[in-house]
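For any residue, its number in this note's numbering is found by taking its place in the sequence shown, counting from 1, and adding 879. Don't be surprised by glycine CBs; every beta carbon is placed ideally from N, CA and C.
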Amino acid sequence: MVKVYAVALAVGIVGLLVLLFGSALAENLGRESADRGDRSGPIGRIVVAGLSGFGMGGLSAEFSPLGFGWQVSALIAVGAATVAVVWVRFATSRERL
């Protein structure tokens with residue numbers, strides 16, 4: 880399961896970097912239509928948050944000194960992904976105010 884968490888985290892971080900650098904580049908070039916954050920929409924941000932949260936939570940649980948089994952680590956990973964998704968939804972709902 881460690882490999883699954885590592886791949887999810889890597890894909891999530893790459894997605895986060897694409898969103899950040901794409902938005903910054905579009906802002907600096909004055910091309911608001913090319914903004915990756917706006918083009919991906921809230922679903923894209925939720926997917927990136929879910930992947931990153933799942934990977935971080937799973938890796939943290941797997942390498943915990945408490946010696947969790949893979950079932951508990953998977954539940955912790957799902958919980959971390961849920962928290963990340965809820966936080967992104969909260970943050971983006973306040974962004975439009």
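Straight through space, the alpha carbons of R924 and L899 are spaced by roughly 11 angstroms.
Following the DSSP letters along the chain, one finds L895 inside the alpha helix (DSSP H) bounded by residues V881 to L908.
Residues of the same chain with a CB within less than 7 angstroms of the CB of G936, apart from the 5 flanking positions on each side, are I955, A956, G958, A959 and A960 in chain order. About 6 angstroms separates the beta carbons of G891 and V927, which is inside the 8 angstroms limit, making them a contact pair.
Secondary structure at L954: helix, using DSSP grouped into helix, strand and coil. C-alpha of W949 to C-alpha of K882: approximately 12 angstroms in a straight line. DSSP, read as helix, strand or coil, puts P944 in coil. Distance from the CA of V951 to the CA of G920, rounded to the nearest whole angstrom, comes to 32 angstroms. The C-alpha of L908 is placed about 30 angstroms away from the C-alpha of V964.
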